[in-house]
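For reference, each letter of the sequence shown is one residue, going 22 to 190 in our numbering.
Below: one structure, written as structure tokens.
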Amino acid sequence: MPAIVRSEATRHYGISIKRLIKTADTMLKLCGQASSELSVLLVSDQAMQALNKQYRNKDRPTNVLSFPLRDADEAEDSMSPLGDIVISTDTAALEAQLHKIPVQARLNRLLVHGLIHLLGYDHERSDSEHTIMTNKENELYEHLVQHERRRTMTHLAINVDHVATLRQA
């Protein structure tokens with residue numbers, strides 16, 4: 022089942038919703054969750070601050086929040102919804118600027134973080150869980166990068182072959 026992504030953010034920072042959907046779908050497949058439903062909502066810092074205050078009792082915006090909808094004992098391949106991820110585009114854009122990376126790349130990283138939370142990992146429980154979650158995030162992000170590279174290289178190879186064919190004609 023494809024990921025559902027929608028934006029209620031006031032500024033969009035050149036974010037491609039289509040690319041974010043493809044990334045989310047790819048991540049679900051890489052995690053063995055291809056039949057699960059994932060909802061992603063992009064919001065402003067103001068909306069994120071309200072959610073963070075309501076659900077975590079922290080009166081400030083944050084970059085990403087995850088809301089699992091599946092019980093911990095449900096099967097990983099269950100067709101029930103996996104959960105919701107909320108990302109602040111304002112905070113993501115600021116963090117992208119600080120890291121000198123594109124906003125879309127920062128969103129991908131936050132999407133990975135949110136998804137790992139939905140899969141039951143929590144870096145706030147203990148130092149050991151923080152290490153485990155960080156390793157899982159890095160592993161999934163690296164798989165995502167490899168997948169994107171392979172897909173891009175395939176398109177490049179097809180384009181180069183097409184150009185060579187045109188030159189021969």
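We put the beta carbon where it would ideally sit given N, CA and C, even for glycine.
Nothing here was measured: the structure is a model prediction, and the numbers come from that model.
Specify the secondary structure class of D143 as computed by DSSP and reduced to three states. Your numbering for residue 143 matches position 122 in the sequence shown. It is coil, neither helix nor strand.
Residue ranges of each alpha helix (DSSP H) run of no fewer than 4 residues wholly in the segment 53-120, ordered along the chain? If we require 4 residues or more, the alpha helix (DSSP H) runs fully inside the segment 53-120 come out as 66-77 and 110-120.
What residues in its chain sit with their C-beta under 8 Å from that of T155, if we drop five residues either side in the sequence? As a working mapping, residue 155 is identified with position 134 in the sequence shown. H144.
Measuring CA to CA, which of S56, L103 and T47 is closest to V166? On the sequence shown, residue 166 is found 145 positions in, with the first residue counted as 1. Taking V166 as reference, the option from S56, L103 and T47 with the minimal CA-CA separation is T47.
Distance, Cα to Cα, R170 vs L140? The residue labelled residue 170 in the question sits at position 149 within the sequence shown. The residue labelled residue 140 in the question sits at position 119 within the sequence shown. If you take the alpha carbons of R170 and L140, they lie about 25 Å apart.
Do V64 and L131 have their C-beta atoms closer together than 8 Å? Here residue 64 refers to the residue found at position 43 of the sequence shown. Here residue 131 refers to the residue found at position 110 of the sequence shown. With respect to L131, V64 sits apart: the two C-beta atoms are not nearer than 8 Å.
Just mark I108 as buried or exposed, buried being the case when its beta carbon has 16 or more other beta carbons within 10 Å. Locating residue 108 in the sequence shown gives position 87, counting from the first residue. I108 is buried by the Cβ-count criterion.
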